[in-house]
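*Asks:* Right, I'll just put the structure down here and ask away after.
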Amino acid sequence: MAAVTADQGSVRTMQQRLGRAVILLGPPGAGKGTQAQRIAARYRLPHLSTGDMFRDHIRRETELGRRAKPLMERGELVPDDLVISMVEDRIAQPDCHNGFVFDGFPRTLAQADDLEQICRKHNFGRAVVVHMVVDPQLLMRRLTGRRICTADGHIYNVYDRPPKREGICDQDGSVLIHRPDDSEAVISERLAAYEKQTRPLVEYYTVRKQLSSVDAMANADDVTANIAKILDGVEIAR
247 MAAVTADQGS VRTMQQRLGR AVILLGPPGA GKGTQAQRIA ARYRLPHLST GDMFRDHIRR
307 ETELGRRAKP LMERGELVPD DLVISMVEDR IAQPDCHNGF VFDGFPRTLA QADDLEQICR
367 KHNFGRAVVV HMVVDPQLLM RRLTGRRICT ADGHIYNVYD RPPKREGICD QDGSVLIHRP
427 DDSEAVISER LAAYEKQTRP LVEYYTVRKQ LSSVDAMANA DDVTANIAKI LDGVEIAR
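So in the working numbering, the last one in the sequence shown is 484, and the numbering has no gaps at all.
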């Protein structure tokens, strides 16, 4: 089943919402990356990932990149001041003028506060936040069963979407791997970190009347369609 596409009217309407940040909020494995790519393509908006920002600054050897590189190489968390500086630098670029889709950001209340301030500083409108709701037991099954294509990153699941040949990608014949961070022990730690650091953002954005929820355990195309309904119904930013 093909991903949902938008008509030209929907694209124009969404792009008129100048400065809208679309934030996908949910635990690891909720499908934020997949849906961010789909929504960005649907509305012709840039898909922003802090990981991509870090890599870009490191590649260009900017001051921010030079500060972040040793931390990333040691596997340490990049402090919020660097993250926010990179985010502010990125959303100031011309391609973000009509809005942008965040994947995995903000992660904490402090980051959410900082993002609100820099959006106000750059005359962006209020963010549209989509809470991707999942069942914890089904989420664990989804994550532990995940297998990743070593060539182009195609994703399979041994329980729900297995490849035709075990361990082999259907699309390019490359080997599928089970990432170490998809083990049950690591996933449990990631989910615990999410509950402690990121879950409070649900209340944060609910109080500000910026949050809508979708069932992220539904078929991926249905999830995309439901997110699109939310975005299509948002009032144009003033």
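Cβ coordinates follow ideal geometry from the N, Cα and C atoms, glycine included.
1. Rank F351, D418, E322, L447 by C-alpha distance to the C-alpha of M332 and give the top, closest one.
2. In its own chain, which residues sit with a C-beta less than 7 Å from the C-beta of R313, not counting the 5 before and 5 after it?
3. Let me know the secondary structure DSSP gives F351 once reduced to three states.
4. Enumerated in chain order, which unbroken segments of the beta strand (DSSP E) with a length of 3 residues or greater are wholly contained in the segment 274–345?
5. In the DSSP assignment, find the beta strand (DSSP E) that holds N403 and state where it starts and stops.
6. Under 9 Å, do M190 and L310 count as touching if we go by C-beta distance?
7. Could you tell me whether the segment 366–376 touches the segment 384–396, using the rule of 3 or more Cβ pairs below 8 Å?
8. So, is Q357 buried or exposed, given that buried needs 16 or more other C-beta atoms within 10 angstroms?
9. Taking I414 as part of the alpha helix (DSSP H), name the residues at either end of that continuous run.
10. Rounded to whole angstroms, what is the Cα-Cα separation between V347 and R266?
11. Kindly indicate which residue of S295, E307, M318 has the alpha-carbon position closest to the one of I337.
12. Start and end of the beta strand (DSSP E) containing M463?
13. DSSP state of V374, grouped into three classes?
14. Is the beta carbon of I429 less than 9 Å from the beta carbon of C395?
15. Exposed or buried, what is C415 when buried is set at 16 or more other beta-carbons lying within 10 Å of its beta-carbon?
*Replies:* Reading it off the structure:
1. F351
2. L328
3. coil
4. 293–295
5. 401–403
6. Outside the modelled stretch of the chain, which goes from 247 to 484, sits residue 190, for which no answer is possible.
7. no
8. buried
9. First-last for I414: undefined, no H or E at that position.
10. 9 Å
11. S295
12. No beta strand (DSSP E) holds M463; DSSP gives it neither H nor E.
13. strand
14. As written in the sequence, residue 429 is Ser, which differs from the Ile given in the question. Not in contact: S429 and C395 (Cβ atoms no closer than 9 Å).
15. buried
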